[in-house]
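Chains as they are written, first to last, in this note's numbering: chain V, 8 to 456; chain X, 8 to 456; chain U, 8 to 456; chain B, 8 to 456.
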């Protein structure tokens, strides 16, 4: 049996979530489903109460002969079949006749799918808690930096001034949105799978629907309209929601990585990994992990979507394609959320570098402001041409934008020096930034998160 | 200029939706945004009313010099920049001074993103209408076939009996779910994009937020908390919802394709494409198109997710990666919905072939029923062994399962012949199928769709 | 530390390959690189010979404090940094001064990338051996069934007759092609990574290139033109080759799965997984695994491609996105190759079912043959129309195609009954099938595999 | 009929290649295949020579009733069926009896696949020419900048010095590799598709193989071992090669974009798109296009791989999923190659900014050099600690690294000031950079490209 995957689980994952996705947790979740089914069948007089007790007593993951189960899974085609055989064996040791009632009327997919849902119910809220914490930190940063002016960048170039508060508010609002959507997707998928071999529930007898209701209730799930063996839209929608989360986290990580480049230095990362050879390096490890997750998630989401067209009542290949894919997707999303939460909590903001960078262009970053003002007087085309000429002069001569603009009679005639000076002040050209930050704060309060 | 793409638009798309996604429609949507912005700015006294009128008069897609716009887009990096230049030129012919007020305070992304939203608002409801119609047809099939017994298949093998009604109900319920989710995703993305160069709205002056509210209202959109130039989660979520729709449609198409195989023949397709060489062939073209869409959608969704980590206030490459990808995704989803709607409306159900196929295994398809009954008497392990032996005998000798079972004293002792006969009747082993169908119908009624 | 992933490694993987990809093997490969580097540096008098000996003595995977390495990897950003620290600690116990010379002049990426290449060199040939064995089996099937006539199917419908030999030859030829391509891609990627921090080899001193040559030689690799820290085309090409392998295996698996459907029964699977509830079921587990791999591989390949645009001399996120993705891709390809090899070796061919199915259409499957013959006499359009009418009559009345054709005077005038009978014999309409099979055999012989 | 897609073809594509992929070119390529088949059949006496002449005369794309073909494609399931019908109609006008001999013995897939191969043969060499030109430019840059010292960056942070020549050589070598691989993949896929309905060539009569040889020769293709209707590995391998090309181009574009950031300014882009609102902006449009292609290609490649598991002799959905996907992939690869070729040809290198940036860290960028030298004297651990302390002092006090190192007695004792000064000179720590550049040049010469 391979021992792959543990070496990277702390690097790419989040310890608490990894525990919920571990082999032990997977096995225990499957056993929990068997226990719930047996308990309900006993309650309803379908199987003996002491059989249900024996099943409950035997259903402990730590007792499972895991190497055998893993080996037999290869020929059975899934883990549930050998796991149930293992459970029956151990139940029989407690109560020989009880073995008959293990998994009675169910199919292996009922157990595997419902166990998956239970694991998601355990793992995803932890991811959401990370997102919530990250959003709160981002909003705190936004409030603290309502007036911290910085360069706004488009195409990786200086464009017009903004504030760091606006940047942080953008992160916060996106985090809030994916927090909400991930919650909806989790609610949506929180349904029992119980259908028997082909979804008719025939093996469960006359009380099938009521059994479903009761098993679902025991496990804290809803009983859906129908079994969903080959209707994977809920699972796929959850995968999608996770993929979108990774995208949002990746965007934040990329921003932070770019803003903390040596030459830009507007943000600093207190932590960061060290280099084996270069003592001066503090590497943005959290950013790298979140970006790595953003690169990996789309392929995993695509796999879950590709697996959807499953045949008949239970398909061939589509369903097993989901198993490790979903687990990996939850895991890297959790790791990414952990990384971004940590990173935002330890980020250092350098307002003075932001100011310095704003001045790099000798004022040319304010060209839009000047152009718009000038356009209302001399027309847009003319304005654009004159301002572009002044900007080029700054480039060529190194003089300030104010001087270059002031040297153009057409501009001076339209805008006096005091006006030009005001137009060249980044702090006077922040538009609705403070108001937008306030809107983000209010949206978060309204949502109550 | 290439002329690619038209040859396949009717094959893979849906005519009405393709019209909404055409180059003309794209251009008109962008112009509509400019008109709305100018109108609002005129209302608020920011620009002259007659300038807004001139802009409105010039904003007709058919007047645009499209080859020039397409050519200049290559150097500008997007279509909006040359389109605005083209619009300014035509506005100036009407009112020279009005050209200054075209696109005043906005950035090209404001126009492109809002136009995209307008196109989605026009196109996606048509997709939803197809899904709704297909769901209704599927529910009608479900009602009509509550008692039409057929083979339930797992791993492409006979498993236990179900009804065709149950199969159709499964399709209907999945269609209803994606109809609802696609609606939510469309609502979610139905927001204005208006942020100016870096999202601060600085170019729009003091009334920026109010302008946003008014432009959004004019266009039938919501004004979101903040501009979302590099926060693409809403767009990505819509892409995901479309991907899940394609998966659900692909599953239905695959089921129909498999059930209409020459050897199975339980469903027939009245239409279908002809073969150029084989007069006897009626090809399941609609199934192929829906399966093709299910194969293509995951890659397109993954692209949109991969594009999410956009840099700073406006990124480099991520955003343009969305454009054709989203359009193509909407288009193939529309085509798939059209194909499945058509296919379900013209499907032929062959109950007699269903019955014939049920009998193919001489009754062995009922092995679960016999095993479960026997297990309660002689224990599960024993039951499984005896039934498996009888099934093997059927395989080897061709005798009926009833005869094989009846030849085993252990079985006969537990279950008399009448019981065995009842256990071997597929119609007696349909579990909760009718009740599940009823649940699906109720769910649809409750939803009011 | 999570324990995820072992439960599924035998199901989806191939034991021998999984061992090569295990955490132990990964660690040992990295240590092997350090040993080779130190040995070469000692040979060239750069580091003391006894330091190299101490490094070699300490470089045993089983001695590594794996939990600590895994935990520290999370803050370091990769596994090599803590692993080297662990190695230094253990080297120092043997020879305190030797610790300085561990990893001397190298960077962590040198170790991780070269170790990856070593693991690929160990694992991929095993996958290729499976492909080769499967190809050989397929060719044997092709030879044995040169004359086994069966239905050729297009769009999941009967089209024209072929032979099972032709089908198997198609599988064999595709397997041979991907066997060859995978070999080329493996050769291509079999290069040393040794560049130091930024690829200049500065840390390795004056003999850097010669050291690279010698380390490469020791490890059985080529020394490439340049280090390739952020140039991932070789790795990506290998990923692609694996993806194409999974596609070819998936196609074979899908064919087998479809041909062994209960209603078709032309192939049987001797092995196959049992069902927990239905004693009669023999599930095509191998097909499901190969199809699952074909569903998963594209997303994994896409991830490796998405990770390619890595920044500067070493990137941010792209590289770590490769690690688990590549391992998983090799693993599932190996599992799929194992499954298909096993499946082809144990497949049962049922020529009698092939014949029966050929007759299902009462001869209509021969419509192309009749049409082509008729067209040369009465023109294509006329021929198509008359044959289509006869085919429809078979459908409606159940009479044989021969009778239907014979009832049409226009046809009878053109083709006498003997001709019609010959045209309706599937064995007379196999075209170049035997010759194509021979070509496949010759291509394999020429290739010498 | 939609008119989508033209608006973006010049933005994302390359005009010459777009022309090869246009609807007209697609239709003409299909017609060319029909002409070649008829000519060969006439040569061999299978069809009348004047029929072949009539077919050749009628086979002009501009005469095709394209709207009808597009509309009928939707019900036929592919474009070839209505196109052949259209051709027959036009052939009949020339020679009524010739219509029978159009497409004689072939199937629509023969025509579509072979036409695709012809289009690839026309389009891909143009992409390769772009790659070759870009590689040549990159090598010229490498030669010109063998001694242009710049910052080497890892994790977006300063690491150790390199030269711009080394960076450019890395680009050149990767471009050369993908140029070669794309050539191999194109050769590999340059095969005829001719198999008839189910790949047996039955419709082509006794001379089928010889017809294939002759048709292939006429079209400049190889005749493969077997028809490959559902064996898509060659097509998939080409798609993969294109995907890897996009990855390599995306890496170059990302490097250039990052190096030309306002704050870094080591590269400049002479061209670049203008902004509608900000006169000072020169946007790196070419970089954006290449990055956009690198984001889109993986999803398109994944789609082609996902489509591989096609059923039986001709599948259901997999094949049509390839059509637009492949075309789009070729198109964006061409556009990306055009953008990068243009960008490299017009790039401005700013050695003085490279020097300035090197000095940003007061010499700390040389910490690896100092550490390695120091380690050989006082041991690695000690060396790392002392150097890290000096680096931290630079950070805190702003003094130079030389001063900070010189203030540490342990360091001074080991390394005298002259040695320290030498160790702190970036030009002395470039390792094998010039030799690596020379290797890249030699590799290109050897390859003869």
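Positions of the beta carbon are idealized from the N, C-alpha and C atoms, including for glycine.
**Prompt:** What did DSSP end up calling residue 109 of chain X once you bin it into helix, strand or coil?
**Reply:** Position 102 of the second chain, counted from the start, is the residue given in the question as residue 109 of chain X. For residue 109 of chain X, the secondary structure class from DSSP, reduced to helix, strand or coil, is coil.
**Message:** Can you check whether the C-beta of residue 9 of chain X is within less than 8 Å of a C-beta belonging to chain U?
**Reply:** Position 2 of the second chain, counted from the first residue, corresponds to residue 9 of chain X. Confidence at residue 9 of chain X is low in this model, with a pLDDT of 42, below 50, so the placement of that residue is unreliable and no value is reported for it.
**Prompt:** Do residue 31 of chain U and residue 338 of chain U have their C-beta atoms closer together than 8 Å?
**Reply:** Here residue 31 of chain U refers to the residue found at position 24 of the third chain. Here residue 338 of chain U refers to the residue found at position 331 of the third chain. Going by C-beta atoms, residue 31 of chain U is not nearer than 8 Å to residue 338 of chain U.
**Item:** Residue environment, residue 457 of chain X, which counts as buried when at least 16 other CB atoms sit within 10 Å
**Value:** This structure does not reach residue 457 of chain X, given that chain X is present from 8 up to 456, and the question cannot be answered.
**Asked** Is residue 359 of chain V helix, strand or coil when you go by DSSP?
**Response** Taking the first chain and counting its residues from 1, the one referred to as residue 359 of chain V is at position 352. Helix at residue 359 of chain V.
**Asked** For chain U, is any of its Cβ atoms less than 8 Å away from the one on residue 206 of chain V?
**Response** Counted from its first residue, the first chain places residue 206 of chain V at position 199. Look at residue 206 of chain V: its C-beta is not under 8 Å from any C-beta on chain U.
**Item:** Integer Cβ distance of residue 460 of chain X from residue 244 of chain B, believed to fall under 8 Å
**Value:** The displayed coordinates of chain X run from 8 to 456. Any statement about residue 460 of chain X would go beyond what the structure contains.
**Message:** Against chain C, with Cβ distances strictly below 8 Å, would residue 239 of chain X count as a contact?
**Reply:** Absent from the structure is chain C; the protein chains it does hold are V, X, U and B.
**Request:** Helix, strand or coil for residue 166 of chain B, going by three-state DSSP, please let me know.
**Result:** For this step, residue 166 of chain B is matched to residue 159 along the fourth chain. In the structure shown, residue 166 of chain B sits in a strand (DSSP, three-state: E or B).
**Request:** Would you list, in sequence order, the uninterrupted alpha helix (DSSP H) runs of no fewer than 4 residues that lie entirely inside the stretch 358-428 of chain U?
**Result:** List check, alpha helix (DSSP H) in window: 358-366, 374-385, 387-404, 408-413, 416-421.
**Message:** Looking only at its chain, what residues have a beta carbon closer than 8 Å to the beta carbon of residue 355 of chain V, apart from the 5 residues adjacent to it on each side?
**Reply:** Within the first chain, the letter at position 348 stands for residue 355 of chain V. Correct list, in chain order: 274, 275, 276, 277.
**Request:** Can you grab the Cα-Cα spacing for the pair residue 23 of chain U / residue 122 of chain U, in whole Å?
**Result:** Working through the third chain from its first residue, we reach residue 23 of chain U at position 16. Working through the third chain from its first residue, we reach residue 122 of chain U at position 115. Taking the straight line from one Cα to the other gives about 18 Å.
**Prompt:** Could you give the uninterrupted runs of the alpha helix (DSSP H) lying entirely in the stretch 169-238 of chain X, keeping only those of 4 residues or more?
**Reply:** The DSSP assignment places complete alpha helix (DSSP H) segments of no fewer than 4 residues inside the stretch 169-238 of chain X at 171-196, 215-225, in order along the chain.
**Message:** I'd like to confirm the pairing. Which residues does DSSP put opposite residue 90 of chain B in its beta bridges?
**Reply:** Position 83 of the fourth chain, counted from the start, is the residue given in the question as residue 90 of chain B. Listed as beta-bridge partners of residue 90 of chain B by DSSP are no residues whatsoever.
**Message:** Suppose you measure from the CA of residue 191 of chain U to the CA of residue 127 of chain B; what does that come to, to the nearest Å?
**Reply:** Position 184 of the third chain, counting from 1, holds the residue named residue 191 of chain U. Position 120 of the fourth chain, counting from 1, holds the residue named residue 127 of chain B. Each residue's Cα considered, the two are about 23 Å apart.
**Prompt:** Using a Cβ-Cβ cut-off of 7 Å (strictly less than) and excluding sequence neighbours within five positions of residue 94 of chain B, which residues of its own chain qualify?
**Reply:** The count along the fourth chain starts at 1 and reaches residue 94 of chain B at position 87. Counting only Cβ-Cβ distances below 7 Å, and skipping sequence neighbours, we find 38, 41, 65, 66, 109.
**Request:** Please confirm whether residue 163 of chain X and residue 323 of chain V have their CB atoms less than 8 Å apart.
**Result:** Sequence index remark: in the second chain, residue 163 of chain X carries index 156 (1-based). Sequence index remark: in the first chain, residue 323 of chain V carries index 316 (1-based). Cβ atoms of residue 163 of chain X and residue 323 of chain V: closer than 8 Å.
**Request:** Only counting runs of 4 or more residues, tell me where the alpha helix (DSSP H) segments fall wholly within the stretch 266-343 of chain U, in order along the chain.
**Result:** You should have 292-313.
**Request:** Quick one: measure Cβ to Cβ for residue 152 of chain X and residue 272 of chain X, integer angstroms, because I've assumed they're closer than 8 Å.
**Result:** Reading the second chain from its first residue, position 145 is the one you call residue 152 of chain X. Reading the second chain from its first residue, position 265 is the one you call residue 272 of chain X. Not a contact, Cβ separation roughly 16 Å.
**Request:** Starting from residue 135 of chain U, follow the alpha helix (DSSP H) in both directions and report where the run begins and ends.
**Result:** What you label residue 135 of chain U is simply residue 128 of the third chain in a count that begins at 1. Residue 135 of chain U -> alpha helix (DSSP H) spans 115-151.
**Message:** Residues in the same chain with beta-carbon distance under 7 Å from residue 328 of chain U, minus the five sequence neighbours each way, listed in chain order, please.
**Reply:** As a working mapping, residue 328 of chain U is identified with position 321 in the third chain. Closer than 7 Å at Cβ, skipping near neighbours: 310, 314.
**Own chain, CB closer than 7 Å to residue 171 of chain V, minus 5 neighbours either side, in chain order** = Locating residue 171 of chain V in the first chain gives position 164, where the first residue counts as 1. Hits under 7 Å: 152, 155, 157, 356, 361.
**Asked** Run through DSSP, which three-state label would residue 17 of chain V get?
**Response** As a working note, residue 17 of chain V is residue 10 in the first chain. Note: residue 17 of chain V maps to helix in three-state DSSP.
**Message:** Let me make sure I understand the geometry here. Which of V/49, V/346, V/35 has the alpha-carbon closest to that of residue 136 of chain V?
**Reply:** On the first chain, position 129 is the one that residue 136 of chain V refers to. Checking every option, the nearest Cα to that of residue 136 of chain V belongs to V/346.
**Message:** Which of the three DSSP states is assigned to residue 53 of chain V in this structure?
**Reply:** Here residue 53 of chain V refers to the residue found at position 46 when the first chain is read from its first residue. The three-state reading of DSSP puts residue 53 of chain V in coil, since its state is none of H, G, I, E or B.
**Request:** Excluding the 5 residues preceding and the 5 following residue 317 of chain V in the sequence, name in chain order all residues of the same chain whose CB lies nearer than 7 Å to its CB.
**Result:** Translated into the one-based positions of the first chain, residue 317 of chain V becomes position 310. Within the same chain, 237, 239, 325, 326 come within 7 Å of residue 317 of chain V by CB-CB distance, once the 5 residues on both sides are set aside.
**Asked** Would residue 222 of chain U pass as a contact of residue 199 of chain U if the rule is Cβ separation under 8 Å?
**Response** Stepping through the third chain from its first residue, residue 222 of chain U is reached at position 215. Stepping through the third chain from its first residue, residue 199 of chain U is reached at position 192. Yes.
**Asked** Does the beta carbon of residue 303 of chain U come closer than 8 Å to any beta carbon on chain V?
**Response** Within the third chain, residue 303 of chain U is the residue found at index 296, counting from 1. Chain V contact via Cβ: present.
**Item:** Per-residue DSSP class, three states only, for residue 24 of chain B
**Value:** For the purposes of this step, residue 24 of chain B is taken as residue 17 along the fourth chain, with counting starting at 1. Residue 24 of chain B: helix per DSSP, three-state reduction.
**Request:** Assuming residue 59 of chain V and residue 46 of chain V form a contact by the criterion Cβ under 8 Å, report the distance between their Cβ atoms to the nearest whole angstrom.
**Result:** Here residue 59 of chain V refers to the residue found at position 52 of the first chain. Here residue 46 of chain V refers to the residue found at position 39 of the first chain. Between residue 59 of chain V and residue 46 of chain V the beta-carbon gap is near 5 Å, inside 8 Å, which marks them as a contact.
**Request:** Tell me whether residue 155 of chain U sits in a helix, a strand or coil according to DSSP, three-state version.
**Result:** Against the third chain, residue 155 of chain U aligns to sequence position 148. Coil, per DSSP.
**Residue range of the unbroken alpha helix (DSSP H) whose run includes residue 449 of chain V** = As a first step, residue 449 of chain V is located in the first chain; it is residue number 442 there, counting from the start. First-last of the alpha helix (DSSP H) with residue 449 of chain V: 440-454.
**Prompt:** Secondary structure at residue 241 of chain U, three-state DSSP: helix, strand or coil?
**Reply:** Locating residue 241 of chain U in the third chain gives position 234, where the first residue counts as 1. Reduced to three states, the DSSP call for residue 241 of chain U is helix.
**residue 79 of chain B, enclosing alpha helix (DSSP H) - first and last residue** = In the fourth chain, counting from the first residue as 1, residue 79 of chain B sits at position 72. Note, residue 79 of chain B: alpha helix (DSSP H), 73-83.
**Asked** Roughly how many angstroms lie between the CA atoms of residue 525 of chain U and residue 90 of chain U, to the nearest whole one?
**Response** Any answer about residue 525 of chain U is impossible in this case: the structure gives chain U only from 8 up to 456.
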